[in-house]
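Taking it in order: structure first as structure tokens, then the write-up.
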């Protein structure tokens, strides 16, 4: 007989994992709604203001966390706005997966919502006392 709590935990963890098809379908939908006005439906962008995602180092390169961070927090001083308050972890994971696999970007990489959640959480953590001292924040 299995422990019913262990089974519940396993099913909750499984709910956080999205299939490739689910990621790509939701990713295309959300990309078309939120990203394509600037980066174009074909991923070619409108350079130099809106760079191409097709073949870009962000959409095909590593670490993947750089790609997630760009969607979450935008790029200060540029037209790329942050989407952390508008999009869910699932939507951001789906958009990043779509961008990494559309337009011949064929990375075959899937980004899961828990990866986005971890990055979102890390970005929201307050600096520790040691980090404040290193940053010159204590007098």
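Numbering (my numbering), first residue to last: 507 to 645.
For every residue, glycine included, the Cβ atom is placed at its ideal position computed from N, Cα and C.
Inter-residue spacing [alpha-carbon to alpha-carbon] between residue i and residue j
i           : j           : result
residue 559 : residue 591 : 22 angstroms
residue 529 : residue 609 : 16 angstroms
residue 595 : residue 546 : 23 angstroms
residue 583 : residue 553 : 16 angstroms
residue 649 : residue 602 : The question about residue 649 has no answer here: the residues shown for the chain are numbered 507 through 645.
residue 571 : residue 543 : 24 angstroms
residue 532 : residue 598 : 10 angstroms
residue 538 : residue 607 : 15 angstroms
residue 562 : residue 540 : 18 angstroms
residue 565 : residue 614 : 12 angstroms
residue 536 : residue 557 : 18 angstroms
residue 629 : residue 569 : 16 angstroms
residue 524 : residue 627 : 20 angstroms
residue 604 : residue 526 : 9 angstroms
Buried versus exposed, by CB contacts within 10 Å (16 or more), residue i
i           : result
residue 555 : exposed
residue 581 : exposed
residue 600 : buried
residue 575 : buried
residue 549 : buried
Minimum Cβ-Cβ distance from residue i to chain C less than 9 angstroms
i           : result
residue 563 : Protein chains in the displayed structure number just one, and chain C is not present.
Supposed contact pair residue j and residue i - C-beta distance, whole angstroms, cut 8 angstroms
i           : j           : result
residue 625 : residue 578 : 6 angstroms
residue 462 : residue 618 : Outside the modelled stretch of the chain, which goes from 507 to 645, sits residue 462, for which no answer is possible.
Ignoring anything shorter than 3 residues or poking outside the segment 540 to 580, list the beta strand (DSSP E) runs there in chain order. Counting only runs of 3 or more, we get nothing.
Taking the runs of the alpha helix (DSSP H) that are 4 residues or longer, which of them lie wholly in the segment 575 to 623? Given a length threshold of 4 residues, each whole run of the alpha helix (DSSP H) inside the segment 575 to 623 is given here in chain order: 595 to 607.
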